[in-house]
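> As given, the protein sequences belong to chains A and B, one line each in that order.
So the first sequence is numbered by the working numbering: it starts at 69 and just counts up by one.
So the second sequence is numbered by the working numbering: it starts at 231 and just counts up by one.
Glycine included, each C-beta is placed from N, C-alpha and C at the ideal position.
Only a predicted model underlies this, so the values are computations on that prediction, with no experimental measurement involved.
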Amino acid sequence: MSAAPDIVARGATASRRKAVRRSGGRSWTFYVLAALFTFYVVALYGPMICIYILSFQDVRGGLVFPMKGFSLHWFVDLFTQVRTGDVKGSFDRSIKLAVMVTILTVVISFMAGLAFRKRFIGDTVVFYLMIGSLVAPGLVLGIGIGLIASFLGIETSWYTTALGAQLSWTLPFGVLVMFAVMSRFNNAWEEASRDLGASPWQTIRLVVLPILAPGIIAVALFGFTLSYDEFARTLQTAGSLNTLPLEIWSMTLNVTSPSLYSLGTVTTIVSFVIIGACLSAIAMIQKRRAARAASE
Amino acid sequence: MAVTNGSIELAGVVKSYDDGRTRAVDGVNLKIPDGSYCCFLGPSGCGKTTILRMIAGHEDPSDGEVIIGGENVVGLAPSERRTAMMFQSYALFPHLSVRDNIAFALRVRGMSAAERRKAADEMIEKVRLTELADRLPGQLSGGQQQRVALARAAITSPKVLLLDEPLSALDEQLRVQMRQELSRMQRDLGITFIHVTHTQMEAIAIADMVVVMEKGKIKQAGPARDVYDQPQDRYVAEFLGGQNVLRGKVARIEGDQAFVVAPELRDVTVPVGHRRGLSPGIEVDFAVRRDDVELARPDREKAANHAAVATRVRAIEYQGNFVKVLLDDIGGDELIAYVPDRIFYRDPFAIGDVVMAGWQTEKARMLA
Chain A
69 MSAAPDIVAR GATASRRKAV RRSGGRSWTF YVLAALFTFY VVALYGPMIC
119 IYILSFQDVR GGLVFPMKGF SLHWFVDLFT QVRTGDVKGS FDRSIKLAVM
169 VTILTVVISF MAGLAFRKRF IGDTVVFYLM IGSLVAPGLV LGIGIGLIAS
219 FLGIETSWYT TALGAQLSWT LPFGVLVMFA VMSRFNNAWE EASRDLGASP
269 WQTIRLVVLP ILAPGIIAVA LFGFTLSYDE FARTLQTAGS LNTLPLEIWS
319 MTLNVTSPSL YSLGTVTTIV SFVIIGACLS AIAMIQKRRA ARAASE
Chain B
231 MAVTNGSIEL AGVVKSYDDG RTRAVDGVNL KIPDGSYCCF LGPSGCGKTT
281 ILRMIAGHED PSDGEVIIGG ENVVGLAPSE RRTAMMFQSY ALFPHLSVRD
331 NIAFALRVRG MSAAERRKAA DEMIEKVRLT ELADRLPGQL SGGQQQRVAL
381 ARAAITSPKV LLLDEPLSAL DEQLRVQMRQ ELSRMQRDLG ITFIHVTHTQ
431 MEAIAIADMV VVMEKGKIKQ AGPARDVYDQ PQDRYVAEFL GGQNVLRGKV
481 ARIEGDQAFV VAPELRDVTV PVGHRRGLSP GIEVDFAVRR DDVELARPDR
531 EKAANHAAVA TRVRAIEYQG NFVKVLLDDI GGDELIAYVP DRIFYRDPFA
581 IGDVVMAGWQ TEKARMLA
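Here it is, written out as structure tokens:
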């Protein structure tokens, strides 16, 4: 009869149909992919979590399940017993090495990022040579560095040859991350700074570095974590004193107690603390900017 | 500092790239008086931005002199030239608040925090951004960002302010509004503004002096009205718009009148004006403003001192205060009449109507 009720009725049907689709209309691919992802996460973290759990056994503990007791015994054992290896010394060396690698990676990547904004003769060649060392097998590269060092009569050690070997790994990563960060940098900012009377150094300090700060922290994070657990390149270049990953590897060959697992737990915690610190630093920078903006 | 006023002189300025193979700026000579609002107008790639950057000191000329306030400034840093630049899309520092952006130039000069805050707040008030002083550039609208950029550039009291496409990042409505704001700021500050744009409406609306450029060369420079009303050649006439540019052959010359013919034109009289070297047989361009073209029914008699062309209405566009009537092309050239709204609707034409398009003889202008 009249058109109005008809329109209302049709509208109601349409909205009901929409509601139905929203509540339960997921296609089967969603469930397949969700299952696949769950499996991926379990496979990724399951083995690690097993190790963490087993490291908290008491003195009766062994290398396999079931869990025997609950204590921090093997953590104490790790740092006090000589037979387990030089954990403290190697941990110390690894941290120092990682700090050096981080500083060098950040400084060199930052400068490379600035340099590569302009084209220069041979820039693509330099770029691919740099990236090439990512593809080179680390073990071979390490052996090569060890070989040349002995040829030149340089004694291999963790703070010389191993430092160089690790940089061949962290620098390409650092530079690639820096390129990604730089791609969002507007060169007009630098020009504006110069226009307003800033010296080149003031421009770097007041404009370039603050704007790039989150990206630079990301480069540092890469440098640190890549160095901290680097194995292949360090193996033939660290000389007589081991870094932590080398120490763990040698322990797997002769240590048969859960202190090996507690070492795994400790190194993981260190990694997570560092990652957490970096991420919160980035978050803080962004929050501070937002907060300053909101406080009017 | 030696630069005491904002008059600018470009003397034989050349900027070449690739070892001189391409010339972005090709021998430019120009004088811009102190305190004027000058617009460089031209399509992209015509060299106008390069000129601006050479005045600013972000690029050095390959040859020639850039003189500001009587001083050759080639080789001097931007701050020594007493110039300041407002960048296209503003280049505001994203990590600094509005206040810190504006105070940046004072900070790098070593002014104390309290002093520069005071100076910045005064400037912020001048551009009416007081309530936004603590915001970041990312949280401002386009128009507000422009005001920050203007304030940041103006805080060192430069003698010359250089604006690179300042309105291109804004939408249409805001553009007209900010245009007025720029004009007001220029009057308030009393300094030379040099504004680069590719929009002719913007240039003639705002500038005391318009410089039309093509391929690194200046085509015409002068007051906006002169450039619009009296273009020197086809390029300027077509770029500024509002003109019909027609082409024909000189049939004969009588005194200061030339008679021009073309297949569609029968003996159109064009004043010779300042044009030299005319002789029967050569091809010439001449211009007639679109709003000088009058349309009449073909049966009406031709008035004295009128040129007339028989043609046909091809399309009609209503523009509000006038009606744009597109007529059949003359040779390869468009013929368009802007007829005032009230006159057109007294006796409106329809598409396809045969009309006489005419203009008073002295309104036509011979082009170089």
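(1) Which chain A residues sit within Cβ distance under 8 Å of B/HIS288?
(2) Could you check which residue in B/ASN235, B/LEU260 and B/ALA598 has the C-alpha nearest to that of B/PRO388?
(3) Jot down the residue ranges of each uninterrupted alpha helix (DSSP H) in the stretch 534-590 of chain B, minimum 4 residues, whole runs only, in chain order.
(4) Give the DSSP bridge partners of B/GLN487, in chain order.
(5) Taking the continuous alpha helix (DSSP H) assigned at A/ALA306, which residues delimit it?
(6) Please report whether the beta-carbon of B/PHE270 lies at a distance below 8 Å from any beta-carbon of chain A.
(7) Please list, in chain order, the chain A residues whose beta carbon lies closer than 7 Å to that of B/SER342.
(8) Suppose you measure from the CA of B/VAL303 to the CA of A/PRO205; what does that come to, to the nearest Å?
(9) Take A/PHE138 as the anchor and find which of A/VAL132, A/ASP145 and A/ARG128 has the nearest alpha-carbon.
(10) At a CB-CB cut-off below 9 Å, which residues of chain B make contact with A/VAL275?
(11) Is B/MET231 close to chain A? Criterion is C-beta to C-beta, closer than 8 Å.
(12) Using beta-carbon positions only, say whether B/MET443 and B/GLY277 come within less than 8 Å of one another.
(13) If you draw a straight line from the C-alpha of B/GLN403 to the C-alpha of B/ALA435, how long is it?
(14) Rounded to whole angstroms, what is the Cα-Cα separation between B/ARG520 and A/PHE188?
(15) Determine the chain A residues that contact B/THR386 at a beta-carbon separation under 9 Å, and present them in chain order.
(16) List the residues of chain A that B/LEU282 touches, going by C-beta distances under 7 Å, in chain order.
(17) Is it the case that the Cβ atoms of A/PHE143 and A/VAL155 are separated by a distance below 8 Å?
(18) Determine whether the Cβ of B/SER292 lies closer than 8 Å to any Cβ atom of chain A.
(19) Just the Cα atoms here: how many angstroms apart are B/LEU557 and B/ARG409?
(20) Under 8 Å between the Cβ atoms of B/LEU476 and B/ASP401?
(21) So with CB distances below 9 Å, who are the chain B contacts of A/PRO326?
(22) Less than 8 Å between the C-beta atoms of B/GLN487 and B/LEU597, yes or no?
(23) Residues of chain B with CB closer than 9 Å to the CB of A/PRO278, please, in chain order.
(24) Exposed or buried, what is A/GLN354 when buried is set at 16 or more other beta-carbons lying within 10 Å of its beta-carbon?
(25) Rounded to a whole number of angstroms, what is the C-alpha to C-alpha distance between A/GLU262 and A/ALA233?
(26) Note down, in chain order, every chain A residue with its Cβ under 7 Å from the Cβ of B/LEU423.
(27) Whole angstroms is fine: what's the gap from A/MET319's alpha carbon to A/MET116's?
(28) Is there a Cβ of chain A sitting closer than 8 Å to that of B/PRO308, yes or no?
(29) Drop a sphere of 10 angstroms on the beta-carbon of B/ALA545, count the other beta-carbons inside from all chains shown, and report buried for 16 or more, exposed for fewer.
(30) Which residue spans inside the stretch 392-435 of chain B form an unbroken alpha helix (DSSP H) run of at least 4?
(31) Expressed to the nearest angstrom, what Euclidean distance is found between the alpha-carbon atoms of B/LEU260 and B/ALA454?
(32) Whole angstroms are fine: how far does the CA of A/VAL243 sit from the CA of A/THR311?
(33) Report the option in B/VAL518, B/ALA534, B/PHE516 and B/VAL539 whose CA atom is closest to the CA atom of B/ARG527.
(34) Name the chain B residues that come within less than 8 Å of A/GLN270, Cβ to Cβ?
(35) Which of helix, strand or coil does DSSP assign to B/THR313?
(36) Quick one: which chain B residues come within Cβ less than 7 Å of A/ARG357?
On the basis of the coordinates in this document:
(1) The contacting residues are GLU259, ARG262 and ASP263.
(2) Selected option, being the one with the closest Cα: B/ASN235.
(3) Fully enclosed alpha helix (DSSP H) runs of 4 or longer: 571-574.
(4) B/GLN487 is bridged to B/GLU484 and B/PRO501.
(5) Premise fails: A/ALA306 is in no alpha helix (DSSP H) and is neither H nor E.
(6) Output row for B/PHE270: interface = no.
(7) Annotation: B/SER342 has no Cβ neighbours in chain A at a cutoff of 7 Å; minimum Cβ distance is about 16 Å.
(8) Straight-line Cα distance between these residues: approximately 56 Å.
(9) A check of alpha carbon separations from A/PHE138 across A/VAL132, A/ASP145 and A/ARG128 identifies A/ARG128 as the nearest.
(10) Within 9 Å of the CB of A/VAL275, the CB atoms of chain B belong to PHE323, HIS325, LEU326 and PHE334, in sequence order along the chain.
(11) With a pLDDT of 45 at B/MET231, under the threshold of 50, the predicted position of this residue should be treated as unreliable, though the coordinate-derived value follows. Chain A contact via Cβ: absent.
(12) A contact, by the Cβ cut-off of 8 Å.
(13) Looking at the two C-alpha atoms, the distance is approximately 15 Å.
(14) Distance between the alpha carbons of B/ARG520 and A/PHE188: 52 Å.
(15) Within chain A, the C-beta atoms nearer than 9 Å to that of B/THR386 come from LEU264 and GLY265, in chain order.
(16) By Cβ distance, chain A contributes nothing, its closest Cβ being about 12 Å from B/LEU282, past 7 Å.
(17) No, they are not a contact pair.
(18) No - not a single Cβ of chain A is within 8 Å of the one on B/SER292.
(19) Straight-line Cα distance between these residues: approximately 34 Å.
(20) Taking 8 Å as the cut-off, the beta carbon of B/LEU476 is found no closer than this to the beta carbon of B/ASP401.
(21) Neighbours of A/PRO326 in chain B, taken as residues at a C-beta separation under 9 Å, are lacking, since the least C-beta distance is about 49 Å.
(22) No, the Cβ-Cβ distance between B/GLN487 and B/LEU597 is not below 8 Å.
(23) Taking the beta carbon of A/PRO278 as reference, the chain B residues within 9 Å of it are PHE323, HIS325 and LEU326, listed in sequence order.
(24) A/GLN354 should be labelled exposed.
(25) The question names Glu, but residue 262 of chain A in the sequence shown is Arg. Those two C-alpha atoms are separated by around 39 Å.
(26) The sequence as given places Phe at residue 423 of chain B; Leu does not occur at that position. Those do not exist, as B/PHE423 stays about 16 Å from chain A at its closest Cβ, beyond 7 Å.
(27) A direct Cα-Cα distance of roughly 17 Å separates A/MET319 from A/MET116.
(28) At a cut-off of 8 Å between C-beta atoms, B/PRO308 counts as an interface residue with respect to chain A.
(29) The residue in question, B/ALA545, is exposed, as its Cβ has fewer than 16 Cβ neighbours within 10 Å.
(30) Within the stretch 392-435 of chain B, the complete alpha helix (DSSP H) runs of at least 4 residues are 402-419.
(31) Each residue's alpha carbon lies about 16 Å from the other.
(32) A/THR311 and A/VAL243 have their C-alpha atoms roughly 25 Å apart.
(33) Here the closest residue by C-alpha is B/VAL539.
(34) At a beta-carbon threshold of 8 Å, the residues of chain B lying near A/GLN270 are VAL338, ordered along the chain.
(35) When DSSP states are grouped into helix, strand and coil, B/THR313 belongs to the strand group.
(36) Those within 7 Å of A/ARG357 in chain B are HIS325 and LEU366.
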